[in-house]
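Residue 281 is where the sequence shown starts when you use my numbering, and the numbers rise one by one after that. This report concerns only the one structure given below.
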Amino acid sequence: MIQSSSIPSSEPIIIAVAGATHYLVGVIDSSDNFVGLGEDSVEVVNSIVEAKAYLRGNNIFSALLEIDSAFDEMCGQSKKSRYRQRILC
281 MIQSSSIPSS
291 EPIIIAVAGA
301 THYLVGVIDS
311 SDNFVGLGED
321 SVEVVNSIVE
331 AKAYLRGNNI
341 FSALLEIDSA
351 FDEMCGQSKK
361 SRYRQRILC
């Protein structure tokens, strides 16, 4: 968990969607919303290596990696059944 005045309680996360050519990097805030770091918007990068470097550049050294498929949302898969793993940046 990271904590600062701009992010009261948040969890860094990298989201990968199967078949997509990019990764989304941000945080899950205390209201369970996916948002950017601080006041920034969500970062879109081309690789997991870029995602980790972006987080390290913001002094974040571990994050959740969530892997989704387009079918997860279309079929209404619950958030509890999503695949998440903690990784080091």
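Positions of the beta carbon are idealized from the N, C-alpha and C atoms, including for glycine.
Contacting residues, own chain, Cβ-Cβ under 7 Å from residue i (five flanking each side not counted)
i	result
Ala343	Pro292, Ile293, Ile294, Leu335, Ile367, Cys369
Short Cβ contact (9 Å threshold) for residue i with residue j
i	j	result
Ala350	Gly318	no
Cα-Cα separation between residue i and residue j, rounded to whole angstroms
i	j	result
Glu346	Tyr303	10 Å
Ser289	Gly316	13 Å
Val324	Ile308	15 Å
Extent of the continuous beta strand (DSSP E) run through residue i
i	result
Gly306	303-308
Ala296	291-297
Asp348	342-348
Arg366	363-368
Endpoints, alpha helix (DSSP H) assigned at residue i
i	result
Glu330	328-337
Own chain partners of residue i with C-beta closer than 8 Å, once the 5 adjacent residues on each side are dropped
i	result
Ile328	Ile294, Ala296, Tyr303, Leu345
Close beta carbons around residue i, own chain, < 6 Å, minus the five adjacent residues each side
i	result
Phe341	Cys369
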